[in-house]
Amino acid sequence: ASHLRPNKLYRSMVSTRGARVVQTSLPEISSEGAVSSGRENEPSADAVAERMLAALEAASDSDPESESAASDAVESEEEEEGAPGPSRATSMRNLHWRPDVDLSSLETNGRPPPASATLAASLTKQSHVPSRDPRARLRAERSTRPDTAGAAWFNLPATPLTDEVKRDLKVLQLRSAFQGNRFYKKADSTKFPKHFQIGTVVEGKAEWYSSRIARKDRRGTLAEEILSDPYLAADRQRRYDKLQAERKQWHKRGSGDKPSRLPHPRTKRAKH
116 ASHLRPNKLY RSMVSTRGAR VVQTSLPEIS SEGAVSSGRE NEPSADAVAE RMLAALEAAS
176 DSDPESESAA SDAVESEEEE EGAPGPSRAT SMRNLHWRPD VDLSSLETNG RPPPASATLA
236 ASLTKQSHVP SRDPRARLRA ERSTRPDTAG AAWFNLPATP LTDEVKRDLK VLQLRSAFQG
296 NRFYKKADST KFPKHFQIGT VVEGKAEWYS SRIARKDRRG TLAEEILSDP YLAADRQRRY
356 DKLQAERKQW HKRGSGDKPS RLPHPRTKRA KH
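Residue numbers for the sequence shown, in the working numbering: 116 to 387.
The structure is reproduced here in structure tokens:
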């Protein structure tokens with residue numbers, strides 16, 4: 116055991132601001148437990164550690180320039196106190212520490228970010244820890260999903276109901292009232308639908324002269340377009356005249372300003 120090669124112990128001091136790592140060699144310790152020092156006047160390990168801690172604390176409290184100056188001062192002190200040679204100083208200067216790993220670099224390299232990193236990032240943005248109940252978790256996920264009709268309906272969105280949209284939907288429900296010559300199925304419900312979408316008809320180039328709607332005849336909503344249609348206006352006028360004629364035909368006679376008829380006086384028969 117006495118002939119074993121002595122081991123060298125290294126102690127690493129890392130700055131909290133991500134500064135370079137400074138390594139110092141402690142006195143050599145043999146297998147028998149005796150401390151063998153290369154030089155008699157070399158300071159003890161505790162003194163070197165306390166000196167480095169004080170330098171790092173001063174560097175963390177100051178700006179980066181003073182931090183680099185403190186690290187250089189520590190290195191110069193180590194070199195003056197008995198560094199092995201210039202190779203040790205250069206190796207100490209080449210040591211760097213990078214504690215933070217950017218997730219964007221992992222994505223650019225083609226590797227997805229780890230699940231722990233994404234979970235930690237999502238938890239830091241929340242004000243409380245998510246519930247462990249699977250049903251509560253499903254309800255929370257359902258509330259964050261987009262409000263659509265599902266994949267079977269090609270993710271039909273839920274259109275917000277404004278006054279103009281409600282008017283157009285009411286016109287569609289009452290389409291059999293202004294188009295009496297056509298049959299329409301009765302609506303299943305009088306409520307407004309939730310998932311629907313309003314489209315715009317785009318004419319082709321071949322319909323430029325045949326069935327194109329001029330810009331002055333275009334309207335913003337379906338109700339305005341129906342009210343401005345001349346054919347539907349003529350049909351409404353015809354139906355209105357028909358209703359007025361029926362009302363005049365079945366009007367109660369004698370209810371006007373004409374004087375009422377007096378009853379005919381009865382005559383008594385003569386007795387024989």
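Heads up, the beta-carbon is just placed ideally off N, CA and C, and yes, glycines get one too.
Sorting Gly319, Ala173, Glu256, Pro308 by C-alpha distance to the C-alpha of Gln288 places Pro308 at the top.
Within a 10 Å sphere around the beta-carbon of Val316 sit fewer than 16 other beta-carbons, which makes this residue exposed. Taken through DSSP and simplified to helix, strand or coil, Thr263 comes out as strand. Contact between Glu318 and Arg327 holds: their C-beta atoms lie close to 5 Å from each other, under 8 Å. Leu168 counts as exposed, since fewer than 16 other beta carbons sit within 10 angstroms of its beta carbon. Rounded to whole angstroms, Glu165 and Arg257 show a C-alpha spacing of 57 Å. Across the set Leu284, Ala292, Gly295, Gly314, the C-alpha of Leu284 shows the shortest separation from the C-alpha of Ser304. If you compare the alpha carbons of Phe311, Arg334, Ala321, Ala162 with that of Pro272, the shortest gap goes to Phe311.
Around the C-beta of Leu171, 16 or more other C-beta atoms lie within 10 Å, and the residue is accordingly described as buried. Taking the C-beta atoms as reference points, Ile341 is found no nearer than 9 Å to Val280. The beta carbon of Leu337 sits closer than 7 Å to the beta carbons of Asp283, Val286 from its chain, once the five residues preceding and following it are set aside; these are given in chain order.
Its chain contains Ala273 as the residues whose beta carbon lies nearer than 6 Å to that of Asp262, once the 5 sequence neighbours on both sides are disregarded; these appear in chain order. Boundaries of the alpha helix (DSSP H) around Lys281: 278 to 288. Arg354 places its beta carbon less than 9 Å from that of Gly295. DSSP, read as helix, strand or coil, puts Ala273 in strand.
Val244 counts as exposed, since fewer than 16 other beta carbons sit within 10 angstroms of its beta carbon. For Tyr346, the uninterrupted alpha helix (DSSP H) run begins and ends at 345 to 364, by DSSP. Judged by DSSP secondary structure, Ile341 falls within the alpha helix (DSSP H) whose first and last residues are 337 to 342. Between the alpha carbons of Ala348 and Asn270 lies a distance of about 38 Å.
Taking C-alpha positions only, Trp268 is separated from Asp332 by approximately 34 Å. The C-beta distance from Phe293 to Arg351 rounds to 7 Å, short enough to meet the 8 Å contact threshold.
Apart from the 5 residues on each side of it in sequence, Ala360 has no Cβ closer than 6 Å to any other Cβ in its chain.
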